[in-house]
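Asks: Here it is: the structure, laid out below.
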């Protein structure tokens, strides 16, 4: 059973998250030949003050 974790900055709508998990499920199903009902996706959202790139917090960009 594939388990996929997606980490992203908070702020996406529920509709965007629905579309994301549908597309990821489809891609994983095709790629590893797994039945869609066996694919689990965990979305972990973080605030902009908990994520940085190039030494700069996202909240400071």
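Numbering (full-length UniProt numbering), first residue to last: 1 to 61.
Beta carbons: idealized from backbone N, C-alpha and C, even for Gly.
1. Rounded C-beta distance between residue 9 and residue 58? I'm assuming under 8 Å.
2. Please name the residue, chosen from 44, 28, 1, 31, that lies closest to residue 12 on a Cα-to-Cα basis.
3. Return the chain-ordered list of same chain residues with a C-beta closer than 8 Å to the C-beta of residue 34, the five sequence neighbours on each side being excluded.
4. What residues in its chain sit with their C-beta under 7 Å from that of residue 21, if we drop five residues either side in the sequence?
5. Looking at the secondary structure, which residues open and close the beta strand (DSSP E) in which residue 7 lies?
Replies: The short version:
1. The sequence position of residue 9 within the chain shown is 9, counting from 1. The sequence position of residue 58 within the chain shown is 58, counting from 1. With a Cβ gap of about 6 Å, residue 9 and residue 58 count as contacting.
2. On the chain shown, residue 12 is found 12 positions in, with the first residue counted as 1. It is 44.
3. Within the chain shown, numbered from 1, the residue matching residue 34 stands at position 34. Taken in chain order, the residues that qualify are 1, 2, 28.
4. For this step, residue 21 is matched to residue 21 along the chain shown. Hits under 7 Å: 41.
5. As a working note, residue 7 is residue 7 in the chain shown. Its beta strand (DSSP E) spans residues 3 to 9.
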